[in-house]
Each structure stands twice: as structure tokens, then as C-alpha cells.
Ligand SMILES: *Cc1c(COP(=O)(O)O)cnc(C)c1O
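In the working numbering, the protein residues as written are 226 to 719.
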């Protein structure tokens, strides 16, 4: 059965999966949503016998219905291969009574690889299917991890250019080095003078600029997005939640049908939304615990029903969660209105005009599967240290937020349901903050001394992605103001 997609703001409908992936964002600024969430047509028992790649096919075929079996399988085989340092692709580690789903075994050591290693293949396949002759320009705002993963995925992919904007002072040193040393003639990156929200708002503005799109068209270009607003990011992220449950079933950690909770360190709300989709597809997930850092706009939202971005933006040691406008929440809003695009559009208009909106009681009830929590810097550090000291298991600063929130949730609710915690980055990606957490003092060494020091203390081998940037030459040095992004795009495209 063909699944079609529509904009959460009502401006577009009847769009195929491949068209939605090509466009990224709908023309009215809305996000593409399937008209219903399909159910898995295999049992968990059947899925428990499958590899990651086979599971990916079972999930993705239900959403990307205009891709042929051969096309989809080819995309999956090319994405989830030896770029990952384990055949399991997304292994689980049990520590302190929780299951850490390690989503950082891909080429850029953060969970963005899970979707961004397949998105370029889905997109080039979509371009062929839709007879696109233009060059596709991938325009992306990043809080640090998406940018590198997108550039790694799209580097030297024929028919594409990739442009990334990141907040100059808002990423870790490893994240920055990973981006500015990226190879590939079609890769471009600029540091903006602003924060992630400025970058994301700027990118969305460019997408909404019809005149600019027409101008690019005359030059043979069309824009698309690698951000998690693209449905081609969301769908591959559902896979690892299905896989995690099936794996826990196959290893006997779970009984068939047993409930689990999922805790996700959240920024743009893409990862946790994928877990929610997995639940709707039939995975026995009870509560989705949404973990925020000091920028706890989502916690406040789940408490009060009011989303309010009018607050101070705080830079933390979990920069990929330093976000005040969580774009993918719009998809949950849309679902909670019963797919009422007019109401969703009105709320998003309020968000852009006055920076806040309040949902109805009925909508809030429909979001009851979510529990919000937050952990401040101090608690995050203490959690990373405590887990490491007691178990020897080391987590990064984003996963630290999730671990702290999970611990608080369990204490305050007494809910002892087995829990999967999404572990979103290698500790090496945030070496300085991780080392400071476990040593309990400020580190004065330079970045690579810290990395070696961390390797000595933890015994975890340094990933190739980190070794590579030790000596790689810097290839990108563009900076711009947040209101100069359009001009910068033109300059990159020559
Ligand atoms: C992107 C990212 C997050 C936040 O994920 P969202 O899908 O934006 O909520 C958390 N941790 C890390 C390491 C990330 O790169």
C-alpha cells in the first residue's frame, strides 16, 4: 500500500516518500508526515532473528513505499557496512541496571551517523526516481554532530553539494576539527556568529524563500535538507529502537511482550520522536523519557503544556542539546491535534511571532506517553563519574544527561520498567568535559593530550574518527553573520 505524506501546516499533500525526502521541508514551512503510522508486519520474535540490515528493511519498507525492494536494500547495504566498527551496528551495553543503546559506532562517532549514512543514498535514488536534473544542494544547520555526519555522508556524492552552518562558539573542539578538516570538493562549511537556533532559523528562512529557490533553479540547483526535519532522517532512526527491543528479546533480557521505557537525550526532538514512532508501530514501549540539559524548554512544555522559547540560551557541555526550538516537536503537535493542519499551523505561527504557544488539554493528554526531565551541568558530571567509578562504563556528556534524568525518574516514580538509554556519542567526541567529569577537576592540557589521557584512564581504544583529525589539514575557514547565510550559500556555489 502506498503511504503518502503531507505538510504539518496543510500546504502540501499527496507527496510520495521519495519526493518528501528530496524536498526536506514542505513549501509552507511545515514538516512532512505520513498520513498514518504503519504497523510492523513481522512479530518481535521474527525480528529477533534478524540482522540490523534486515530489520532496517522491515521498518523502512513500510514508510518509503515508493522505493522498490531492490532500491531500498541497495541503500541499506551501502549505508550499514564497514563504516561502522561493529557488525551489530547499534550494540547494547548493560550498566547499572539500564541498557545503553550505543548509536555512535559509525564514521563520525555520534548517533547522526545512524540516519546520515543512508540519507545520501535515499536522496540520490529519489532524484533518479523523480527525474531530477538539477544539482541537489543540501543545506544544513548543525549543533555539531549533524554537520560532520552529513558532510561525511555526502562528500563526493555525484549530483550534490553540501553546505553546513554551525555556531562558532557552540561546538566542542573535536566537533569543530572534524568539520573544518572534511575532504570532498562538494563540501562547504561556515561558522556563524550566533547560536544553533540562529543557524536553524536562517536555514529555514532560506528554504521558505521562493524567489531564492527560483533563482537557484535557473542556475540548475535545488535545495534539500539533511536536518532531522527531513523524513529521510526520521525513518532510519526508528530502526534502532525496533532492533534494540528485538535484540533484548533474543538474548533473553526481555520476555516477549514485556514493556520497556526509553530515555533519550533530546535537542531537536528527532531521536525521541523516532522512538515514539517505533511505539506506534507496535514495539512495547511504555514511557518515553525526554531528557533535557539546562535548556529545559521541553521539560517545561511537558509539565505545563506551554512551549516557551523566551528564555536565556545556555551553552553547556552537551552542545548538541543546546536548542530552544525543537523542530521535530511540530510532528508530535500535529499528531496530537488528530492531524489538524490548521491548528498546528496556528500554533507554529504563534511560536514564530511571540516565541510561545499553549496546547489544549486534549492535546496534552495525547502526549501522556512522554515524561520530561532535566539535569544541570553539575548533576551530569556527577552521573558520568559515578557510573564510571562503579561500573567502568564511560558515557559522553549527552548520554550523561539521559542517565541522570533516568535515575531521577526512577527514584521519583518508582517505575522499575526495564529501560533503554540512547547513548548518542562516543565519550571521545567530548573528551575534555568527560575527562573533567571523571577526574573532578579542570584540565589544562591541549585537546589531543586530553584524548590520550582519557584513553589511558578508560582503556577504551581511540576511534579512527579522532585519530584522523590529529594531523588532517584544515580545509575550511569561512565565518559569517547569521543574517549573511544566503550570501554565503551563493558564494559557496560560485
Ligand atoms: C543531535 C544530538 C542529540 C539530540 O538529538 P535530537 O534528535 O536533536 O533530539 C543528542 N546527543 C547527541 C550527541 C547529538 O549529536
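Positions of the beta carbon are idealized from the N, C-alpha and C atoms, including for glycine.
Burial state of residue 226 (16 or more Cβ within 10 Å)
exposed
I think residue 542 touches residue 605, with their Cβ atoms under 8 Å apart; what is that distance to the nearest whole Å?
The beta carbons of residue 542 and residue 605 sit about 7 Å from each other, so the pair counts as a contact at 8 Å.
Which of the three DSSP states, helix, strand or coil, is assigned to residue 240?
strand
Inter-residue spacing [alpha-carbon to alpha-carbon] between residue 455 and residue 255:
11 Å
With residue 373 and residue 404 assumed to form a contact (beta carbons below 8 Å), what rounded beta-carbon distance in angstroms separates them?
5 Å
Where does residue 444 sit, in a helix, a strand or coil, going by DSSP?
Coil, per DSSP.
At 3 residues or longer, and completely inside the stretch 367-439: list those beta strand (DSSP E) runs for me, N to C.
385-392, 412-418
Considering only their Cβ atoms, is the gap separating residue 645 from residue 516 smaller than 7 Å?
no
Using the rule of at least 16 other Cβ atoms within 10 Å of the residue's Cβ for burial, across every protein chain shown, is residue 481 buried or exposed?
exposed
Output the distance between the C-alpha atoms of residue 554 and residue 266, rounded to the nearest integer angstrom.
27 Å
Are the CB atoms of residue 488 and residue 514 within a distance shorter than 7 Å?
yes
For ligand 1, I want to know if residue 703 counts as a neighbour, meaning its beta carbon is within less than 6 Å of at least one of the ligand's heavy atoms.
no
Please classify residue 312: is it buried, with 16 or more other beta-carbons within 10 angstroms of its beta-carbon, or exposed?
exposed
Residue 418 CB to nearest heavy atom of ligand 1 below 6 Å:
Answer for residue 418: no, Cβ out of range of ligand 1.
Using the Cβ count rule (16 or more neighbours within 10 Å means buried), how would you classify residue 411?
By the 16-neighbour rule on beta-carbons within 10 angstroms, residue 411 is buried.
Applying the 10 Å Cβ sphere with the 16-neighbour rule, what's the burial state of residue 535?
exposed
Examine ligand 1 and report whether any of its heavy atoms sits within less than 6 Å of the Cβ of residue 490.
yes
For residue 416 versus residue 391, is the C-beta spacing smaller than 7 Å?
yes
Assess, as a yes-or-no matter, whether the stretch 227-246 is touched by the stretch 556-573 under the definition of 3 or more beta carbon pairs within less than 8 Å.
With a cut-off of 8 Å, the stretch 227-246 and the stretch 556-573 count as touching, because enough Cβ pairs lie within range.
Using three-state DSSP, classify residue 350 as helix, strand or coil.
helix
Pick from 587, 338, 471, 329: whose alpha carbon is nearest that of residue 509?
471
Looking only at its chain, what residues have a beta carbon closer than 8 Å to the beta carbon of residue 657, apart from the 5 residues adjacent to it on each side?
Counting only Cβ-Cβ distances below 8 Å, and skipping sequence neighbours, we find 397, 398, 668, 672, 675.
Return the first residue and the last residue of the alpha helix (DSSP H) that residue 485 is part of.
Following the DSSP letters along the chain, one finds residue 485 in no alpha helix (DSSP H) but inside the beta strand (DSSP E) bounded by residues 485-490.
Less than 7 Å between the beta carbons of residue 360 and residue 446, yes or no?
yes
Roughly how many angstroms separate the alpha carbons of residue 699 and residue 484, rounded to a whole number?
48 Å
Have a look at the DSSP bridge pairing and note the partners of residue 229.
Partner(s): none; residue 229 has no beta bridge.
Residue 428 versus residue 285 - alpha carbon distance:
About 27 Å.
Assuming residue 309 is part of the beta strand (DSSP E), what are its boundary residues?
It is not in any beta strand (DSSP E) - residue 309 carries neither H nor E in the DSSP assignment.
Check whether residue 720 and residue 654 have beta carbons under 7 Å apart:
This structure leaves residue 720 out entirely; the chain is present only between 226 and 719.
Under 6 Å from any heavy atom of ligand 1, does the C-beta of residue 519 make it?
no
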